[in-house]
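Numbering (my numbering), first residue to last: 227 to 427.
Built from N, CA and C at the ideal position, the CB exists for glycine as well.
Treat the numbers as computed from the prediction; the structure is a model and nothing was measured.
Report on one structure; see the data block that follows.
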């Protein structure tokens with residue numbers, strides 16, 4: 227960990243308003259990660275909302291799918307009919323979901339200090355971090371790993387023509403013969419991300 231990263235982590239820890247989450251700032255153990263995926267009402271964090279989040283532990287070469295979590299949230303604005311075909315969550319599915327604070331009370335201890343593995347995780351972080359900051363006073367301190375970058379490095383940059391996120395993921399899954407569990411379900415996406423990570427890391 228560079229001195230700049232250490233300084234940033236120390237500053238974040240000073241902002242922490244929930245002492246029970248102090249362990250999130252500890253140095254993570256080797257060979258321990260958490261695959262994470264979110265479903266949202268759209269792609270703009272300024273006007274769209276988080277609907278669900280799933281997370282699965284990766285320990286060494288094992289994916290602990292039996293103990294993962296999949297949390298459905300109640301957004302401040304219900305999803306409209308046009309977006310249901312994208313994320314598959316109806317008003318009836320989310321109107322009795324948990325509040326964002328309830329979701330974070332379960333999610334953050336599960337994530338702990340593990341590096342976060344995702345497919346285009348920058349988008350997930352753009353939705354999660356404002357909620358996390360409101361909840362605990364600072365954003366997630368965890369290292370974030372994008373499997374697209376690992377795959378690109380593994381393929382020596384031979385990723386021309388992969389023009390969309392869907393093509394990226396489809397190509398990665400096909401390349402490693404990973405079963406497609408069905409996209410736009412947070413738990414399925416987190417599981418596929420975890421499987422892909424074990425191949426490309």
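Distance CB(residue i)-CB(residue j) smaller than 8 Å
i: residue 261; j: residue 282; result: yes
i: residue 320; j: residue 284; result: no
i: residue 337; j: residue 420; result: no
i: residue 353; j: residue 271; result: yes
i: residue 254; j: residue 340; result: yes
i: residue 280; j: residue 263; result: yes
i: residue 422; j: residue 402; result: yes
i: residue 366; j: residue 333; result: no
i: residue 323; j: residue 300; result: yes
i: residue 407; j: residue 397; result: no
Rounded Cβ spacing between residue i and residue j (contact assumed at less than 8 Å)
i: residue 265; j: residue 412; result: 5 Å
i: residue 424; j: residue 234; result: Not a contact, Cβ separation roughly 29 Å.
i: residue 277; j: residue 357; result: Not really, about 12 Å apart at Cβ, beyond 8 Å.
Reduced DSSP category for residue i - H, G, I as helix; E, B as strand; rest coil
i: residue 278; result: strand
i: residue 300; result: coil
i: residue 404; result: coil
i: residue 346; result: coil
i: residue 269; result: coil
i: residue 249; result: helix
i: residue 378; result: helix
i: residue 322; result: coil
i: residue 372; result: strand
i: residue 334; result: helix
i: residue 360; result: helix
i: residue 234; result: helix
i: residue 399; result: helix
i: residue 262; result: strand
i: residue 415; result: helix
Buried or exposed by the 16-neighbour rule on C-beta atoms within 10 Å, applied to residue i
i: residue 231; result: exposed
i: residue 330; result: buried
i: residue 418; result: buried
i: residue 327; result: exposed
i: residue 317; result: exposed
i: residue 350; result: buried
i: residue 237; result: exposed
i: residue 347; result: buried
Check: residue i C-beta below 7 Å from any heavy atom of the ligand MN
i: residue 284; result: The model on display carries no ligand, and the ligand MN is accordingly not part of it.
Chain B contact for residue i (CB, 8 Å cutoff)
i: residue 255; result: Judged by its chain identifiers, the structure shown contains no chain B, having just a single protein chain.
So, does the segment 286-299 touch the segment 371-385, judging by three or more C-beta pairs under 8 Å?
These segments do not touch.
So, do the segment 238-258 and the segment 347-363 have three or more beta carbon pairs nearer to each other than 8 Å?
-> The segment 238-258 vs the segment 347-363: in contact.
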